Amino acid sequence: MAHVLMPRLGVSVTEGTVSSWLKQVGDPVEVGEPICEVATDKVDTEIESTVAGVLAEQLYAVDEVVQVGEPLATVTTADESSAPAPAEPAPAGPAPVEPEQPPSIVPDPASFGDDPEPPPAPAVADAAHAVLMPRLGVSVTEGTVSSWLKQVGDPVEVGEPICEVATDKVDTEIESTVAGVLAEQRYAEGEVVQVGEPLAVVTADGALPAAPPAAAPAGSRSAAAVPTRPAPAPAGPTVPGQPARVDPSRFDHHAAVQRALETIVRTARPAASPAARHLAATLGVDLASVGGTGGGGHVTRDDVRRHAEQPAPAAAAPMPPRGPAPVPASTPSPEPGTTGPDGLPVGYEDVPYDAVPTSRIRRVTAEHMSRSRRTAAHMTTEVDVDLGLLTEVRARLNTQRVAQGRAKLSFLPFVARAACAALLDHPDLNATFETERLLRWGEVNLGIAVDTPRGLMVPVLRGAERMTVESLGEGIADLAGRLRDGKPGPDDFRAGTFTISNPGSVGAVSAPAIINQPQVAILGMPTIQRRPWVVTMADGQESIAIRPILRLALTFDHRAVDGADATRCLVDIRRRLEAWGVDEYR
Amino acid sequence: MSAAAATTDRVIGYSRAINEALAEEMRRDERVWMMGQDIGRLGGVFGLTRGLLDEFGPMRVRDTAINETFIVGGAAGAALAGTIPVVELQFADFLFTAADEIFHKLAKWRYMHGGQFTMPVVVRLPTGVVGGAGAEHSQSLETIAMHVAGLKVAVPATPSDAKGLLKAAIRDPDPVLFFEHKGLYRVKGPVPESDEHVVPFGSARIARPGSDLTVVATGLMVDRALAAAEQLAPQGIDVEVIDPRTLVPLDIDTIVSSVERTHRLMVVHEASRTAGFGAEIAAQVHERAFFALDAPVWRVCGTDTPLPQDPDLEQACIPSTDEIVTAALALAAI
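As given, the protein sequences belong to chains W and L, one line each in that order. With the first letter of the first sequence counted as 1, position 56 gets the number 56 in UniProt numbering; the numbers rise by one all the way through. With the first letter of the second sequence counted as 1, position 109 gets the number 109 in UniProt numbering; the numbers rise by one all the way through.
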């Protein structure tokens, strides 16, 4: 075991902060290989290992401050018997930023052995007492002792300068790598010392070992105070590894729960327990519109239930539809200045009338419609869709549903499903136009125009592009039901990105509409008409057949997209409706 | 099958219940015999077989050398010869010593040989921590037994189940690893006096009904789960404790239907956390009842360590009542 010490990185630098570890416990390290990065107030630099082996311990965590001369890491030599003597200076690689002193090592005091045998090589024992001439630069092989700062008999600490050495590159102080009392200066001032040679001997009491350094084994070493090299390891692996998955700590349930809850914020999907998700699907509740009260704000079963049972907002203040859907563009609004003295339009004074106060929803609708008409460049494109295949698909699906005791699906959710799929391919139509930019929304929040006793409302199915035809159908039915019962939630009208209007349900044969601001397009669904239609027979001949035809109308904002873009999207919807089987709708 | 349960309130110990099951089954069927180290004259290292040598003689209650390979291997051969061996290993940990005999001969031979014979062997395995027996004498290895197809695995937690499951094990045509918890040997409880008190395999016991959280526990952990339930009740968490009683076959239906009511599940086991039977139950419940869950299936388990020999440290390595309470309260935050 040996330590890699925090080197002095500048004359006035006394400490540094570990900024990162480049080697982890268990990693093999070579001499000169960077093991960590340290930041000081002067420099940021990599600290190189001064010993080869395996990193056994990081003695400081990242962001901890380490004093110069303190051990940074413990390294176990991979093969102690053949490792270089611990105090031998590392032939340090390219020195990092102005290293006045290379990192040095001392034997780990904790590894004192009671081994009575002297270490095998003489130099090994002596090295424990010797302060060696460090390598002061890549090309530096020697230096000249310019002055001694410690005299024989002076106490010295690890990291304390003992002499000054001049090389052809730098003049620097050499720090002791051993604590104790200076026992011998091996070179006089002015003498040249080779890199790696002992400069001085430091012992516990200032007495020289019985045998001089680099001579006989130090049989008389004062082991108590002077670090000694551990005995060569016995046979067997000496590289410490992590034990195989042994974890004695008790499982931290609170921390684990916290971790689980933290995953919630990382996903955009509404967080809900599986049970809440299931209940929401059963009740037709849009999870995105439910405020979660569970841990981390996730939606619980209770939240879904509460949301489903939410009472209607006060009648006086219904949620304003974000842009109530299609009303004929010809809806007149009385123009200011044309009214007579009693408030009637000029010229109507002799017409009998009833004055009916408008509802708030009517006024909101009026404002939205006229604003949309004023802002957007409305344009409508239409295609005829042959619903022959869809009629069969729907009949098949509804047979299954009836057998399961579930309500039949109308054509609307099928059209909605095909439209959502097409919008994924035509994101400019699922967007908001702002002159300087077009916001393509990442989900299809589908507004459905619903005719209610209180007026037109456009509730929103959140994330409709992820829904199957069945969940769309159930979602639409649920929304419509809640509106008619006067129980919509505050989020039911928010954040629509595309709207479908279904005037066909009351008999319209064409369905241009007013765009629901701030959206780009609205799909109008008129009634399905059985019409004589040219069809191609199996033999390639054409014939006239009676087919169920739907004339879909896509009204779009010509500021945002061009007619070709919108028509391509509409044709894509048609293609799906004419080709999809049951599975595609799911 | 436990119709006789109402006939008596007799209270006896878990050890006594096992001893009764052995004696009754040997009286009932002369093909049943026993083998194990010191089970005869000594009456077993834990005293479970006391008195049986006297009643049934040395041909049917056979002492063996300290040789698990021989004990289980001999039982495998004796089963092929038409007898019903019930063997005892002194510690469940030693099933590793008899690993080939258990995991190959007992578990596989019926299937390797086209069903020409069955392997009606019961291996009694004193299991779990008992207070400082150390890492090689304290493990809970039921999951390993559960993982190898061909074995049945019983983990009785009460004297009544110890008796009823052991009788079912002896009557079963397949090899059964019978994990008797050493920490329960001295526990007493009501046991029906009937000779026909047989607890069928694969039927979980609802040890405590509850409505807010299902806790599945086995062996020593059942009582700790029940104690935790009592502490949690005043805090508004009504815990249902389910003891599966056998891990193979596993009564997952009872667990799933409980989770469908409580919407939450914790599995408590003494065995190490990683790849314990808690993970298997969690996976099955996620597969079967995902949409019933309000929270992730939670595990309260032993540590992933060799068990220390110091009894206090040892307890620190397996779930305590306190930890079960802590985990339940933590899980309530989800």
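Backbone N, C-alpha and C fix where the C-beta goes; we use that ideal spot for every residue, glycine too. Only a predicted model underlies this, so the values are computations on that prediction, with no experimental measurement involved.
Does any C-beta atom of chain W lie closer than 8 Å to the C-beta of residue 323 (chain L)?
Sequence index remark: in the second sequence, residue 323 (chain L) carries index 323 (1-based). Residue 323 (chain L) counts as touching chain W.
Is the stretch 148-168 of chain L touching the stretch 216-230 of chain L, taking contact as three or more C-beta pairs under 8 Å?
Yes: the two stretches touch, three or more of their Cβ pairs being nearer than 8 Å.
Closer than 7 Å by beta-carbon distance: list the chain W residues that pair up with residue 296 (chain L), in chain order.
Counted from its first residue, the second sequence places residue 296 (chain L) at position 296. Near residue 296 (chain L) (Cβ distances below 7 Å), the residues of chain W are 260.
Got a sec: is the Cβ-Cβ distance from residue 270 (chain W) to anything in chain C below 8 Å?
The chain inventory of the structure shown lacks chain C, comprising the protein chains W and L.
For residue 247 (chain W), return the contacting residues in chain L, with the cut-off set at a CB-CB distance below 7 Å.
Indexing the first sequence from 1 puts residue 247 (chain W) at position 247. Near residue 247 (chain W) (Cβ distances below 7 Å), the residues of chain L are 303, 304 and 305.
Whole angstroms is fine: what's the gap from residue 292 (chain W)'s alpha carbon to residue 271 (chain W)'s?
Within the first sequence, residue 292 (chain W) is the residue found at index 292, counting from 1. Within the first sequence, residue 271 (chain W) is the residue found at index 271, counting from 1. Their backbone Cα atoms lie some 8 Å apart in a straight line.
Cβ closer than 8 Å: which chain W residues qualify as neighbours of residue 147 (chain L)?
Residue 147 (chain L) sits at position 147 when you count from the first residue of the second sequence. Neighbours of residue 147 (chain L) on chain W: none; closest Cβ ~17 Å, over 8 Å.
Using Cβ-Cβ distances below 9 Å, what residues of the stretch 292-305 of chain W are close to chain L?
Hits within the stretch, in order: 294, 295, 296, 298, 300 and 301.
List the residues of chain L that residue 3 (chain W) touches, going by C-beta distances under 8 Å, in chain order.
By one-based count along the first sequence, residue 3 (chain W) stands at place 3. None at all; the shortest Cβ gap to chain L is about 30 Å.
Would you mind stating whether residue 295 (chain W) and residue 333 (chain L) have Cβ atoms separated by less than 8 Å?
Taking the first residue of the first sequence as 1, we reach residue 295 (chain W) at position 295. Taking the first residue of the second sequence as 1, we reach residue 333 (chain L) at position 333. Closer than 8 Å, so yes.
For the putative contact between residue 183 (chain W) and residue 202 (chain W), defined by C-beta atoms under 8 Å, what is the C-beta separation to the nearest angstrom?
Here residue 183 (chain W) is taken as the residue at index 183 of the first sequence, counted from 1. Here residue 202 (chain W) is taken as the residue at index 202 of the first sequence, counted from 1. So it is a contact: roughly 6 Å between Cβ atoms.
Which stretch, first to last residue, makes up the alpha helix (DSSP H) that contains residue 565 (chain W)?
Residue mapping note: residue 565 (chain W) aligns to position 565 of the first sequence, counting from 1. Here the alpha helix (DSSP H) through residue 565 (chain W) covers 563-579.
Have a look at residue 534 (chain W) and residue 449 (chain W) and give me their C-alpha separation to the nearest angstrom.
Position 534 of the first sequence, counted from the first residue, corresponds to residue 534 (chain W). Position 449 of the first sequence, counted from the first residue, corresponds to residue 449 (chain W). Each residue's Cα considered, the two are about 33 Å apart.
Which residues in the same chain as residue 536 (chain W) place their Cβ atom closer than 6 Å to its Cβ, once the five residues preceding and following it in sequence are excluded?
Walking along the first sequence from the start, residue 536 (chain W) turns up at place 536. Here the set comprises 542.
Could you name the residues of chain W that residue 291 (chain L) contacts, counting a contact when the two beta carbons are closer than 8 Å?
Translated into positions along the second sequence, residue 291 (chain L) becomes position 291. By Cβ distance, chain W contributes 274, 275, 277 and 278.
Between which two residues does the alpha helix (DSSP H) containing residue 108 (chain L) stretch?
Here residue 108 (chain L) corresponds to residue number 108 of the second sequence, with the count starting at 1. Where residue 108 (chain L) is concerned, the enclosing alpha helix (DSSP H) stretches over 107-112.
Which runs of the alpha helix (DSSP H) spanning at least 4 residues fall entirely within the stretch 257-309 of chain L, listed in chain order?
Qualifying alpha helix (DSSP H) stretches, in chain order: 277-289.
So the alpha helix (DSSP H) residue 420 (chain W) belongs to, where does it begin and stop?
Within the first sequence, numbered from 1, the residue matching residue 420 (chain W) stands at position 420. Its alpha helix (DSSP H) spans residues 412-425.
For a contact meaning CB atoms closer than 9 Å, what does residue 586 (chain W) contact in chain L?
Numbered from 1 along the first sequence, position 586 holds the residue referred to as residue 586 (chain W). Within 9 Å Cβ-Cβ: nothing; residue 586 (chain W) doesn't reach chain L, min ~18 Å.
The alpha helix (DSSP H) that contains residue 200 (chain W), what's its start and end?
One-based indexing of the first sequence puts residue 200 (chain W) at position 200. Segment 198-203 is the beta strand (DSSP E) holding residue 200 (chain W); no alpha helix (DSSP H) there.
Which residues in chain L have a C-beta closer than 7 Å to the C-beta of residue 285 (chain W)? List them in chain order.
Residue 285 (chain W) sits at position 285 when you count from the first residue of the first sequence. What residue 285 (chain W) touches in chain L: nothing, since even the nearest Cβ is about 15 Å away.
Nearest to residue 70 (chain W) by CA position, among W:9, W:130, W:52 and W:438, is which residue?
If you number the first sequence from 1, residue 70 (chain W) lands on position 70. Checked all of W:9, W:130, W:52 and W:438; the closest Cα to residue 70 (chain W) is W:9.
Determine the extent of the alpha helix (DSSP H) in which residue 163 (chain L) is found, giving its start and end residues.
As a first step, residue 163 (chain L) must be located in the second sequence, where it is residue number 163. Per DSSP, residue 163 (chain L) belongs to the alpha helix (DSSP H) from 159-171.
Roughly how far, in whole angstroms, is the beta-carbon of residue 50 (chain L) from the beta-carbon of residue 43 (chain L), given that I think they are within contact range, below 8 Å?
Taking the second sequence and counting its residues from 1, the one referred to as residue 50 (chain L) is at position 50. Taking the second sequence and counting its residues from 1, the one referred to as residue 43 (chain L) is at position 43. Confirmed, about 3 Å.
Look up residue 70 (chain L) in the DSSP assignment and give the residues it is bridged to.
Within the second sequence, residue 70 (chain L) is the residue found at index 70, counting from 1. Answer by DSSP bridge pairing: none, since residue 70 (chain L) is not bridged.
If we count the other Cβ atoms within 10 Å of its Cβ and call it buried at 16 or more, is residue 546 (chain W) buried or exposed?
Taking the first sequence and counting its residues from 1, the one referred to as residue 546 (chain W) is at position 546. By the 10 Å Cβ count, residue 546 (chain W) comes out exposed.
So which residues on chain L does residue 253 (chain W) lean against when the C-beta distance must stay under 9 Å?
Within the first sequence, the letter at position 253 stands for residue 253 (chain W). Near residue 253 (chain W) (Cβ distances below 9 Å), the residues of chain L are 298, 300, 323, 326, 327, 328, 329, 330 and 331.
From this set, W:37, W:58 and W:146, which residue's C-alpha is nearest residue 26 (chain W)'s C-alpha?
Looking up residue 26 (chain W) in the first sequence gives position 26. The residue with the shortest Cα to Cα distance from residue 26 (chain W) is W:58.
Cβ of residue 288 (chain L) less than 8 Å from any chain W Cβ?
Within the second sequence, residue 288 (chain L) is the residue found at index 288, counting from 1. Residue 288 (chain L) does not count as touching chain W.
For residue 144 (chain L), go through chain W and note every residue whose CB falls closer than 9 Å to its CB, in chain order.
For the purposes of this step, residue 144 (chain L) is identified with residue 144 of the second sequence, where counting begins at 1. Chain W residues near residue 144 (chain L): none, gap ~16 Å exceeds 9 Å.
Looking at chain W, which residues of the stretch 210-238 of chain L have a Cβ within less than 9 Å of any of its Cβ atoms?
The stretch 210-238 of chain L vs chain W, Cβ under 9 Å: nothing.
With 16 as the cutoff for other CB atoms within 10 Å, does residue 430 (chain W) come out buried or exposed?
Position 430 of the first sequence holds residue 430 (chain W). Buried: at least 16 other Cβ atoms inside 10 Å.
Counting only C-beta atoms, is residue 257 (chain W) closer than 8 Å to chain L at any point?
Residue mapping note: residue 257 (chain W) aligns to position 257 of the first sequence, counting from 1. By this cut-off, residue 257 (chain W) is an interface position.
So residue 384 (chain W) and residue 551 (chain W) are supposed to be a Cβ contact under 8 Å. How far apart are they, rounded?
As a working mapping, residue 384 (chain W) is identified with position 384 in the first sequence. As a working mapping, residue 551 (chain W) is identified with position 551 in the first sequence. Confirmed, about 5 Å.
To which residues does DSSP link residue 537 (chain W) through a beta bridge?
Looking up residue 537 (chain W) in the first sequence gives position 537. The partner list for residue 537 (chain W) (beta bridge, DSSP) is empty, contrary to what the question assumes.
Quick one: which residues of the stretch 263-276 of chain L get their C-beta closer than 8 Å to a C-beta of chain W? List them in chain order.
Result list: 263, 273 and 274.
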